[in-house]
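Under the working numbering, the first residue of the sequence shown carries the number 17, and numbering increases by one thereafter.
By construction, the Cβ of each residue, glycine as well, lies at the ideal position given by its N, Cα and C atoms.
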Amino acid sequence: MKISTRIRYGLRAVINIAEGNLGENRLVRIKEISQEQNISVQYLEQILFKLKKRDIIKGKRGPNGGYKITKAPEDITVLELYEILDEEVKVVDCNEGKNKRCIKENCRTTCLWSQLDNALKEILGKTTLADLMKNKDMV
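In structure tokens:
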């Protein structure tokens with residue numbers, strides 16, 4: 017399983033924004049995130065748009081503009097961010113057969129993949145943005 021760059025970059029961007037908002041009580045500019053995280057501004061715009069649309073962050077335009085988080089970091093789970101940025105938390109897509117239809121009846125590994133999906137969701141669901149901010153080695 018591979019976690020997409022959209023997820024990894026999105027988590028790093030939200031951490032950047034939260035640290036700027038909480039530590040220094042300021043709006044964080046997209047260019048600042050881009051430089052600190054080495055992510056293109058265009059890609060960040062796509063990521064931040066999704067987060068803004070789901071009310072995780074708010075943006076303000078203009079020379080004094082930037083982004084801020086809308087909730088306390090303790091109230092934002094990694095699962096919530098994952099689902100916003102990548103829609104579905106799945107280790108394996110069931111529809112991998114040649115004809116793209118589910119072959120569950122004949123699949124002997126469905127239970128394994130389902131257990132992995134559930135374990136992943138549980139870990140992501142109990143890990144908050146605050147946890148990531150405390151432990152920089154997690155991201």
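Check	Outcome
Under 8 Å between C-beta atoms of tyrosine 59 and isoleucine 73	no
Beta-carbon gap between arginine 22 and aspartate 102 smaller than 8 Å	yes
Top-ranked residue by Cα proximity to isoleucine 63, from Asp133, Glu138, Ile100, Ser130	Ile100
Every unbroken beta strand (DSSP E) within the segment 26–114, with a cutoff of 3 residues, ordered by chain	73–76, 82–85
Cα-Cα separation, glutamine 51 to valine 30	14 Å
Burial state of valine 94, where buried means 16 or more other Cβ atoms lie within 10 Å	buried
Neighbourhood of serine 20 by C-beta distance below 7 Å, restricted to the same chain and skipping five residues each side	Asp102
Beta carbon of aspartate 133 nearer than 8 Å to that of valine 105	yes
Cα-Cα separation, glutamate 96 to glycine 141	7 Å
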